[in-house]
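A.B. asks: Numbering (the numbering used here), first residue to last: 2 to 394.
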């Protein structure tokens, strides 16, 4: 048996932030990240809409990029004291991811983080609150997914939480919120969305409900990402929808080892934090070459290439064309081709890569990768990515 789960309501289009005033409840906690939503006036508008809905509102501000276990616990404590019946989170993937984890600890104070990091092991939510998510970046799609990523900085590990319980009840996909995105965020989140869609399309759990969403997202990213990067606001709106479609696909088909690798390297190196979307963009062409040794995956990559207008005479040529196109997008947006070029120290890399590879194998995303991999092969793949060498195994 397979399962396909989405939010009950998805509102999209300019100005749909106003839908907050139609939520029914008594209290709402509004979880946000840094100051961008406040500076641009969206935080005040969201707060006013919730008050117009008749709710008392508590702000929880300052969720950091790559939210920590400590932030999650602080937010959950604030919720237990305030007792909201709506949790509303607005911002990039970080505050929404953090709020999802807070939600579990709010409703189940005695649960442990160790229990939650077991995939699909959450307790039944919505005993106290419902959840509304409003993205201000165009990549993570956490507003429609069953996932959250929380960082344990003491251990240098990102934990992907996975459970259909944390799929939001309401998603508000308003392109007004991404009009002022910094260009590096446009690049990283856009390539994150592409990685989501491609990994979902070749996942071992892909199916007839996820394939159309993944392919539509892939086509839209290749059509609109560079124009969005070059400040075309119509293209930026379309990218906001593309990333949401990719999220619907991967939330149900799951992902692969691009994400396993990104989760375990983002916070691992003292010589450089690797933003999640940047890591995905960097790793994706190498992983495609690795996975393409598996016949069905190779055929599906080749089909992606055909659908986005690339040419070739053989499956291998189509796959090469797809990887070259991804490389070209990375170059156009200033994303490095290797971990060495990114600036990760070679000595530190070699000291840590064996342990990182073992952790990546254990990541929740590895199980749905189309080609099996062990720790030794993972380490070889990481070395290819560090030095820019050919993936020939």
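Don't be surprised by glycine CBs; every beta carbon is placed ideally from N, CA and C.
Bear in mind that the values here come from a model prediction, so they are computed numbers and not experimental data.
#1: For residue 410 versus residue 161, is the C-beta spacing smaller than 9 angstroms?
#2: Whose C-alpha, out of 131, 337 and 312, is nearest the C-alpha of residue 27?
#3: Which residue from 172, 290, 264 and 77 puts its Cα closest to that of residue 12?
#4: If contacts are defined as beta-carbon pairs under 8 angstroms, then residue 370 and residue 281 qualify, I think. What distance do you get, rounded to the angstrom?
#5: Quick check: does the Cβ of residue 198 come within less than 8 angstroms of any heavy atom belonging to the ligand FMN?
#6: Residue 22 to residue 52, Cα distance in whole Å?
#7: Would you call residue 89 buried or exposed, if buried means 16 or more other Cβ atoms sit within 10 Å of its Cβ?
#8: Classify residue 109 as helix, strand or coil using the three-state DSSP reduction.
#9: So, residue 290 versus residue 258, is the Cβ gap smaller than 9 angstroms?
#10: Buried or exposed: where does residue 121 fall if 16 or more other Cβ atoms within 10 Å of its Cβ makes it buried?
#11: Would you list the residues sitting across from residue 92 in a DSSP beta bridge?
#12: Quick one: Cα of residue 388 to Cα of residue 193, how far?
#13: In the DSSP assignment, find the beta strand (DSSP E) that holds residue 31 and state where it starts and stops.
#14: With distances taken Cα to Cα, identify the nearest neighbour of residue 270 among 351, 211, 248 and 181.
#15: Pick out whichever of 68, 44 and 361 has its Cα sitting closest to the Cα of residue 100.
#16: Could you tell me the alpha carbon to alpha carbon distance between residue 228 and residue 263, rounded to whole angstroms?
#17: Would you say residue 76 and residue 34 are within 9 angstroms of each other, going by their C-beta atoms?
#18: Between which two residues does the beta strand (DSSP E) holding residue 124 run?
#19: Counting C-beta neighbours from all protein chains within 10 Å, is the total for residue 382 16 or more, i.e. buried, or is it exposed?
#20: Using three-state DSSP, classify residue 49 as helix, strand or coil.
#21: Taking all protein chains shown into account, decide if residue 1 is buried (16 or more other Cβ within 10 angstroms of its Cβ) or exposed.
#22: In terms of residue numbering, what span does the beta strand (DSSP E) encompassing residue 159 cover?
#23: Could you check what DSSP says for residue 338 in three-state terms: helix, strand or coil?
#24: Rounding to the nearest angstrom, what Cα-Cα distance links residue 123 and residue 365 in this structure?
#25: How many Å lie between residue 203 and residue 298 at the Cα?
#26: Going by C-alpha to C-alpha distance, which of 43, 283, 379 and 187 sits closest to residue 355?
#27: Do you know offhand how far residue 363's Cα is from residue 117's?
#28: Which value, in whole angstroms, describes the spacing of the CA atoms of residue 244 and residue 178?
#29: What residue range is occupied by the uninterrupted alpha helix (DSSP H) comprising residue 230?
#30: Just mark residue 395 as buried or exposed, buried being the case when its beta carbon has 16 or more other beta carbons within 10 Å.
#31: By a C-beta neighbour count over all protein chains shown, 10 Å radius and 16 as the cutoff for buried, is residue 149 buried or exposed?
#32: Taking DSSP as the reference, what is the three-state secondary structure of residue 5?
#33: Give every residue of the same chain whose Cβ lies closer than 6 angstroms to the Cβ of residue 324, excluding the five residues on either side of it in the sequence, and list them in chain order.
#34: Since residue 382 is in the alpha helix (DSSP H), which residue starts that stretch and which ends it?
#35: Excluding the 5 residues preceding and the 5 following residue 218 in the sequence, name in chain order all residues of the same chain whose CB lies nearer than 6 angstroms to its CB.
#36: Can you check which of these residues, 200, 348 and 8, is closest to residue 372 by C-alpha distance?
C.D. replies: Taking the coordinates as given:
#1: The requested residue 410 is not part of the displayed model; the chain covers only 2 to 394.
#2: Working through the chain shown from its first residue, we reach residue 27 at position 26. Among 131, 337 and 312, the Cα nearest to that of residue 27 belongs to 131.
#3: Taking the first residue of the chain shown as 1, we reach residue 12 at position 11. Per the Cα distances, 172.
#4: In the chain shown, residue 370 corresponds to position 369, counting from 1. In the chain shown, residue 281 corresponds to position 280, counting from 1. Actually they do not touch by this definition, with Cβ atoms about 14 angstroms apart.
#5: Judged by which ligands are present, the structure shown has none, so any question about the ligand FMN falls away.
#6: What you label residue 22 is simply residue 21 of the chain shown in a count that begins at 1. What you label residue 52 is simply residue 51 of the chain shown in a count that begins at 1. Distance between the alpha carbons of residue 22 and residue 52 is about 7 angstroms.
#7: Here the question's residue 89 lines up with position 88 in the chain shown. So residue 89 ends up on the buried side.
#8: For this step, residue 109 is matched to residue 108 along the chain shown. Residue 109: coil per DSSP, three-state reduction.
#9: For this step, residue 290 is matched to residue 289 along the chain shown. For this step, residue 258 is matched to residue 257 along the chain shown. Not closer than 9 angstroms, so no.
#10: Within the chain shown, the letter at position 120 stands for residue 121. Exposed is the call here.
#11: Position 91 of the chain shown, counted from the first residue, corresponds to residue 92. In the DSSP output, where bridge partners are listed per residue, residue 92 has 136.
#12: In the chain shown, counting from the first residue as 1, residue 388 sits at position 387. In the chain shown, counting from the first residue as 1, residue 193 sits at position 192. Approximately 22 angstroms, taken between the alpha carbons.
#13: One-based indexing of the chain shown puts residue 31 at position 30. Unbroken beta strand (DSSP E) run through residue 31: 28-33.
#14: Taking the chain shown and counting its residues from 1, the one referred to as residue 270 is at position 269. Nearest C-alpha to residue 270: 351.
#15: Locating residue 100 in the chain shown gives position 99, counting from the first residue. Checking every option, the nearest Cα to that of residue 100 belongs to 68.
#16: By one-based count along the chain shown, residue 228 stands at place 227. By one-based count along the chain shown, residue 263 stands at place 262. One C-alpha to the other measures close to 26 angstroms.
#17: Walking along the chain shown from the start, residue 76 turns up at place 75. Walking along the chain shown from the start, residue 34 turns up at place 33. No.
#18: The count along the chain shown starts at 1 and reaches residue 124 at position 123. Where residue 124 is concerned, there is no enclosing beta strand (DSSP E), given that its DSSP letter is neither H nor E.
#19: Counted from its first residue, the chain shown places residue 382 at position 381. Residue 382 is buried by the Cβ-count criterion.
#20: If you number the chain shown from 1, residue 49 lands on position 48. It is helical.
#21: Residue 1 lies beyond the stretch modelled for the chain, which goes from 2 to 394, so this question has no answer here.
#22: For the purposes of this step, residue 159 is taken as the residue at position 158 of the chain shown. Residues 158-163.
#23: If you number the chain shown from 1, residue 338 lands on position 337. Note: residue 338 maps to coil in three-state DSSP.
#24: In the chain shown, the residue the question calls residue 123 occupies position 122. In the chain shown, the residue the question calls residue 365 occupies position 364. When rounded, the distance between both Cα atoms is 14 angstroms.
#25: Numbered from 1 along the chain shown, position 202 holds the residue referred to as residue 203. Numbered from 1 along the chain shown, position 297 holds the residue referred to as residue 298. So the alpha carbons of these two residues sit roughly 6 angstroms apart.
#26: As a first step, residue 355 must be located in the chain shown, where it is residue number 354. The shortest C-alpha separation from residue 355 is found at 379.
#27: Here residue 363 refers to the residue found at position 362 when the chain shown is read from its first residue. Here residue 117 refers to the residue found at position 116 when the chain shown is read from its first residue. Going from the Cα of residue 363 to the Cα of residue 117 covers about 15 angstroms.
#28: Taking the chain shown and counting its residues from 1, the one referred to as residue 244 is at position 243. Taking the chain shown and counting its residues from 1, the one referred to as residue 178 is at position 177. Those two C-alpha atoms are separated by around 14 angstroms.
#29: Against the chain shown, residue 230 aligns to sequence position 229. Counting along the chain, the alpha helix (DSSP H) containing residue 230 begins and ends at 212-230.
#30: Any property of residue 395 remains undetermined from this structure, which presents the chain solely from 2 to 394.
#31: Counting from 1 along the chain shown, the entry for residue 149 is found at position 148. Answer is buried; the Cβ neighbour count reaches 16.
#32: As a first step, residue 5 is located in the chain shown; it is residue number 4 there, counting from the start. The answer is coil: DSSP assigns residue 5 none of H, G, I, E or B.
#33: Start at 1 with the first residue of the chain shown, and residue 324 comes out as number 323. For residue 324, where only same-chain residues beyond five positions count, the Cβ hits under 6 angstroms are 286 and 289.
#34: Against the chain shown, residue 382 aligns to sequence position 381. Run containing residue 382: 376-388, per the alpha helix (DSSP H) assignment.
#35: Within the chain shown, the letter at position 217 stands for residue 218. Excluding positions up to five away in sequence, the list reads 198, 243, 246 and 247.
#36: Position 371 of the chain shown holds residue 372. The option with the nearest alpha carbon to residue 372 is 200.
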